[in-house]
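Asks: Before I ask anything, let me first share the structure, which is written out below as structure tokens.
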Amino acid sequence: MTQRVDLATVMDRLAIDDLVTGYAVAVDDSDWAAYRELFAPEGRADYRGSGGIEGPAGAVADWLAETMRLFPVRQHLIVNRRVRIQDLGGYPGDTATVGADYVNPMRLESGEDFVCGGRYTFALRRTDAGWRLRSVVVEEKWRRV
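Structural data, given as structure tokens:
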């Protein structure tokens, strides 16, 4: 690899990390317009692994907007990010995947604490607007009230 290719890969990794962080912030802050902007036009989200729905990002954002009202306080911590960018013979391609663990403490309207954890799988593609989500899949592994 050349230094230029290495720099492009580092820049891609930083942009991808920023996208995943943007996802957590959008959900935690109930910023559903920002949530929608994170996705490519064909983007989908699958929350069935945590008791939710699967569908186009816009429809899922509407569902989240309603569902998250039950949790007025929430904070996603997305950690152990494993980024894999498509390799085109030593050059970065236009698709990537991210596997990441999460811990999600929330507070119910009743004042009770609810905490869950699991794993996200993000599929991304490079667009004219930068990296965008093709899909998000949630696999909840545990929860505690």
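Residues 1200 to 1344 in this note's numbering are what the sequence shown lists, from first letter to last. Even glycine gets a Cβ: it sits at the ideal position worked out from N, Cα and C.
1) Have a look at N1303, T1294 and A1299 and flag the residue whose alpha-carbon is nearest the alpha-carbon of N1279.
2) Thinking C-alpha only, which one of W1231, R1342, T1294 and G1251 is nearest G1317?
3) Taking the C-alpha atoms as reference points, what is the distance between E1311 and P1271?
4) Give the C-beta separation of R1333 and A1239 to the nearest angstrom, bearing in mind that I take them to be a contact with Cβ-Cβ under 8 angstroms.
5) Using beta-carbon positions only, say whether L1263 and V1226 come within less than 8 angstroms of one another.
6) Pick from L1237, T1220, V1302 and E1241: whose alpha carbon is nearest that of G1329?
7) Excluding sequence positions up to five away, which residues of its chain have a Cβ less than 6 angstroms from the Cβ of V1335?
8) Note down the Cα distance separating L1218 from V1344, rounded to an integer number of angstroms.
9) Going by DSSP, which residues form a beta bridge with Y1319?
10) Kindly indicate which three-state DSSP category G1251 falls into: helix, strand or coil?
11) Provide the residue span of the alpha helix (DSSP H) that contains L1276, from first to last.
12) How would you label R1331, buried or exposed, when you count the other beta carbons within 10 angstroms and need 16 or more for buried?
13) Under the three-state reduction of DSSP, which class applies to V1344: helix, strand or coil?
14) Can you tell me where the alpha helix (DSSP H) holding G1310 begins and where it ends?
Replies: A quick look at the data gives this:
1) A1299
2) The shortest C-alpha separation from G1317 is found at R1342.
3) 11 angstroms
4) 5 angstroms
5) For the 8 angstroms CB-CB criterion, L1263 and V1226 form a contact.
6) L1237
7) Taken in chain order, the residues that qualify are A1244 and F1321.
8) C-alpha of L1218 to C-alpha of V1344: approximately 29 angstroms in a straight line.
9) Note: Y1319 sits in a beta bridge opposite A1299 and V1337.
10) coil
11) Looking at the DSSP string, L1276 is not in any alpha helix (DSSP H); the run it does join, the beta strand (DSSP E), is L1276 to D1286.
12) Under this definition R1331 is a buried residue.
13) coil
14) No alpha helix (DSSP H) contains G1310, which DSSP labels as neither H nor E.
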